[in-house]
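Following our numbering, the numbering of the sequence shown begins with 64 at its first residue and continues without gaps. Think of the CB as a built atom: it goes at the ideal place given N, C-alpha and C, for glycine as much as any other residue. Data first, discussion second: the structure below is written as structure tokens.
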Amino acid sequence: VVTTVLDVALNTSKISESADSKELVTLGNSVIKASEKLISSLVKPTETCDNVNFTLDTVEVQVFMIGPKFTSDQIPQLDTKNASMDIDLVGIAKSNKGT
């Protein structure tokens, strides 16, 4: 369901006659906020670790989840076609007191 709604949201464009950069930024922010809400609904509680990955025509999504019994020191890596990033989920979870 999330992939279907996200695909529709990303491929539905509002036609704007305006060249006003503020209006264009507002429209872009609306798409980003909608995407964030949809993708965050994929996060679910886990005791150890889990992940969800999918690719649409205009976006690639990787969701990593860790729980209180996650024991690996391995830091997950977010990969795209052009870049990669190490994400210290354990450190982030500890800083957020597990939330």
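What residue does the alpha helix (DSSP H) around residue i start on, and which one ends it?
{"i": "I129", "result": "Careful: I129 lies outside any alpha helix (DSSP H), inside the beta strand (DSSP E) at 123-129."}
In the DSSP assignment, the beta strand (DSSP E) including residue i goes from what residue to what residue?
{"i": "N114", "result": "112-118"}
{"i": "S158", "result": "Unbroken run through S158 is the alpha helix (DSSP H), 152-158; no beta strand (DSSP E)."}
{"i": "S147", "result": "147-149"}
What separation, rounded to the nearest whole angstrom, lies between the Cα atoms of residue i and residue j?
{"i": "P131", "j": "T109", "result": "8 Å"}
{"i": "S154", "j": "A82", "result": "At residue 154 the sequence reads Gly, which differs from the Ser that was named. Between G154 and A82, the C-alpha separation is close to 43 Å."}
{"i": "L141", "j": "N159", "result": "20 Å"}
{"i": "A97", "j": "T67", "result": "13 Å"}
Is residue i helix, strand or coil when you go by DSSP?
{"i": "L105", "result": "coil"}
{"i": "D70", "result": "helix"}
Using 8 Å for Cβ pairs, my map puts residue i next to residue j. What's the rounded Cβ distance?
{"i": "L105", "j": "V126", "result": "5 Å"}
{"i": "I138", "j": "I129", "result": "Their Cβ separation, rounded to whole angstroms, is 11 Å, which puts I138 and I129 out of contact at 8 Å."}
If you compare alpha carbons, which of the options is closest to residue i?
{"i": "D70", "options": "D120, V88, I95", "result": "D120"}
{"i": "L101", "options": "E86, M128, A72, L87", "result": "A72"}
{"i": "F133", "options": "V88, L90, L152, K85", "result": "L152"}
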